[in-house]
Each structure stands twice: as C-alpha cells, then as structure tokens.
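Just remember that my numbering sits 448 ahead of the position in the sequence shown, which is counted from 1.
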Amino acid sequence: MYHFIHEILSAVEMEKIAEEIKLQEEKTAGEIRISIKRKKKLFEKKASLRDLAIKEFFRLKMNNTRDRGGILIFLILKDKQFYILPDEGITKVLDQNFWNELSNVTEKYFRNKNFFDGIIHVIRECGKVLSQHFPRKPDDVNELEDRIEIS
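Encoded structure:
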C-alpha cells in the first residue's frame, strides 16, 4: 500500500532506522518517532508544515510520554519538506537554535537524496541531547513504537 516509501528507503534501511531509534532510546527516558507522508491531503494544502507536524505528534500520542520528552521527525516527500518537533519538556532545556542547526545539517543530506544517512544523523543527534537532558530511569519503558510511521 505504501510503495512510495521505497523511492527513498529500502526495507533494510527502514529496519536499520528502527534499530537506531531503539539503540538511542536505550540511553534515555525520551522517545523518538519518524513519520513520513507521501503528500499533503487536499484539506491540508494550506496548513503550515509545523501545524501538520503538531497534528501528527498528537495523532501518534507523543504528547502522552511521561516526561514530555518526545521528538518527531516528520517528512512530506512530495513537498520535499521536513520538520523536527520536540515536545514541551525538551523545549524547556534546548532552544530553537539547536533545532535550526540540526535542520540545516539534515537538509544537506536530504537535498542530496541521502535520506537514510540524514535520518540516522537526526536520530543520533536527538539521542545525544535526550540522553543528556532526559537520562534513562530505572523504571523506564519504551512508550512509543520505534518503527517508521508511513502514511
């Protein structure tokens, strides 16, 4: 049904991305999710990328994490857009400059159609800051799925 995803990521790469998310989350109480949409729906055409990322954040119930330590990496392929959306617990400890810099570096990967390495880079950078500001707790559980959400 979602064959379009193979235009940018192979099945093996998607598996490796899920493994990288799991690896990074082992060091933190935070959560990382990737959501890739083929295109905006007709009724979403006028919505901003940020608004769509927020909508997806809530749809995936990322706002329900214990420490509000979730990060969504949201891509819309047809529009060649992506957005990194941290939850409010993270925005209290990291300012927008960090996310702008991370987006700028990631954009270079994506511009060169190197989606796999770009996504892995974002996951690792998010893992670093999450482990620093939201270290793993003894009673930590994986609150969200590690797989890529495709729609």
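Just so it is clear, CB atoms sit at the ideal spot from N, CA and C, and this is done for glycine as well. Please read all numbers here as calculations on a predicted model, not as lab measurements.
- Annotation for arginine 572: the continuous alpha helix (DSSP H) segment containing it runs 563-581.
- In the displayed model, leucine 490 falls within a helix according to three-state DSSP.
- Here DSSP, grouped into helix, strand and coil, assigns serine 551 to helix.
- Rounded to the nearest whole angstrom, the C-alpha separation of alanine 477 and phenylalanine 558 is 28 Å.
- Boundaries of the alpha helix (DSSP H) around phenylalanine 505: 497-507.
- About 15 Å separates the Cβ atoms of lysine 556 and leucine 523, ruling out a contact at the 8 Å cut-off.
- Inter-residue distance for isoleucine 482 and isoleucine 502 is about 13 Å (C-alpha atoms, whole angstroms).
- In the DSSP assignment, lysine 485 forms a beta bridge with Ile524.
- In the three-state DSSP reduction, leucine 542 falls in the coil class, being neither helix nor strand.
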